[in-house]
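For the sequence shown, this note's numbering gives the first residue as 812, with consecutive numbering after it.
In what follows, a single structure is set out as structure tokens and then discussed.
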Amino acid sequence: MKKKKAKIITVDMYHKYAEIDEMYSSKVREVKLDIPSNLRMLCALLDVKVEKLLNDFMWMLSYSHHNSATIKQRKTAKKFFLACKYGQPLYTKNQIKKMFDELKAERKIYETIDGMDHEDKKLFWKNNHMYMQHWFKRWFEKNRRPGDISELEKY
């Protein structure tokens with residue numbers, strides 16, 4: 812009787828991180844805004860669409876790797892955000908600065924993947940997705956906010 816070879820199945824315990832969880836991913840949203848007339852006129856004079864202005868600001872502020880903003884532009888967006896006191900008093904100004912520093916560091920790491928082979932990139936993205944989910948949960952729970960983590964779906 813012929814003995815069957817044992818079949819080895821490789822299980823990736825982190826397979827769920829191969830793609831970012833829908834809850835943590837970028838979203839396309841329809842937003843209805845009342846655009847001030849002065850901004851509309853300024854944008855018309857300077858040939859800048861309001862959508863471009865707002866979109867650029869969002870991607871700069873988020874330290875996303877999908878945007879090629881300069882360091883100075885990102886720093887200016889962050890200063891504006893802090894000057895408006897968004898997120899305060901939920902978090903202190905220093906805590907918010909730390910959030911931005913962590914996003915900046917995550918972007919810096921992303922910039923090092925040039926030349927990685929396919930398997931290493933897959934591992935990098937799994938790690939990156941795991942970290943960003945951890946990052947959000949850690950900050951969300953830091954001040955024991957009411958509600959659960961699914962509140963992210965509202966934003």
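C-beta atoms are modelled at their ideal positions from N, C-alpha and C, and glycine is treated no differently.
Under the three-state DSSP convention, the category Val861 falls into: Mapped onto the sequence shown, residue 861 falls at position 50. Under the three-state reduction of DSSP output, Val861 falls in the helix class.
Cα-Cα separation, Leu914 to Asp928: Residue 914 sits at position 103 when you count from the first residue of the sequence shown. Residue 928 sits at position 117 when you count from the first residue of the sequence shown. Approximately 24 Å, taken between the alpha carbons.
Start and end residues, alpha helix (DSSP H) containing Asn954: The count along the sequence shown starts at 1 and reaches residue 954 at position 143. Unbroken run through Asn954: none, as it is neither H nor E.
Residue span of the alpha helix (DSSP H) that contains Met910, given as start and end: Taking the sequence shown and counting its residues from 1, one reaches residue 910 at position 99. It spans Lys904 to Tyr921 - the alpha helix (DSSP H) in which Met910 sits, taken as one unbroken run.
Whether Met943 touches Tyr874 by CB criterion (8 Å): For the purposes of this step, residue 943 is taken as residue 132 along the sequence shown, with counting starting at 1. For the purposes of this step, residue 874 is taken as residue 63 along the sequence shown, with counting starting at 1. The answer is no: Cβ separation not under 8 Å.
Straight-line Cα distance separating Lys937 from Phe911: Translated into positions along the sequence shown, residue 911 becomes position 100. Translated into positions along the sequence shown, residue 937 becomes position 126. Rounded to whole angstroms, Phe911 and Lys937 show a C-alpha spacing of 22 Å.
Residues near Ile924 in its chain [Cβ-Cβ closer than 7 Å; skip 5 each side]: For the purposes of this step, residue 924 is identified with residue 113 of the sequence shown, where counting begins at 1. Within the same chain, Ile924 has close Cβ partners Lys932 and Phe935.
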